[in-house]
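Heads up: the structure comes next, in structure tokens.
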Amino acid sequence: MSNLYQFTRAFIVVSAFLVTSASAEVKLPSIFSDHMVLQRDLACKVWGWAEPGEQVAVSIGDQSLAATADNEGSWSVNLLPLEAGGPHKLTVKGSNEISFEDVLVGEVWICSGQSNMAWPVSSAVDPDLESLSANYPNIRLISVPQVGTQEPQKDF
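Going by this note's numbering, the sequence shown opens with residue 10, and the numbers climb by one from there.
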């Protein structure tokens, strides 16, 4: 065999291994992150994707739940209602492990509507005073990209 053939064959085998390994990792949508807030006093759904048939474990506080990825690789668990508080660590384990730090449990508000809702503090009448007098260390904000589509999206 020629060296080029051997190199090409080895490259294909390694590439196939890397692609297979990468697709087997547990993944969650972007809404899950460090510093997120889970709604207090309600069951909270945690979901994502993994290799079909893969066992996935989710833990937070004293809760540990498990799920099995379906034929399409989707999995989900419903956390039991949590009391307000934190910070907590949310861990998701499958073939890999993902941990989210500084997770609070409290009130979650979803706001949408007028364009002035995106008005930055820097555009306020007295932005320096507003910034200096604000003392709300547990307020968290996630901004979802504004993308128009006619199809449901799994992630953003």
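Quick reminder that beta carbons are idealized off the backbone N, C-alpha and C, glycines included.
Requested in this report: Report yes if the C-beta distance between S83 and W58 is below 8 Å; otherwise report no.
Outcome: Locating residue 83 in the sequence shown gives position 74, counting from the first residue. Locating residue 58 in the sequence shown gives position 49, counting from the first residue. Against a cut-off of 8 Å, the Cβ pair of W58 and S83 comes out as a contact.
Query raised in the report: Can we say the region 108-124 touches the region 71-80, given the rule of at least three CB pairs closer than 8 Å?
Result: no
Query raised in the report: Looking at the structure shown, is P136 part of a helix, part of a strand, or coil, going by DSSP?
Result: Residue numbering aside, residue 136 sits at position 127 when the sequence shown is read from its first letter. Of the three classes helix, strand and coil, the one that applies to P136 here is helix, per DSSP.
Query - Residue of T77, V55 and K54 minimising C-alpha distance to V65 - result: Within the sequence shown, the letter at position 56 stands for residue 65. The shortest Cα separation from V65 among T77, V55 and K54 belongs to T77.
Requested in this report: For N80, verify whether its CB is less than 7 Å away from any heavy atom of the ligand GDP.
Outcome: With respect to small molecules bound, the structure shown includes none, and the ligand GDP cannot be examined in it.
**Report entry** Nonlocal neighbours in the same chain, by C-beta distance under 7 Å from V130, ignoring five residues either side
**Finding:** What you label residue 130 is simply residue 121 of the sequence shown in a count that begins at 1. Closer than 7 Å at Cβ, skipping near neighbours: P136, E139 and S140.
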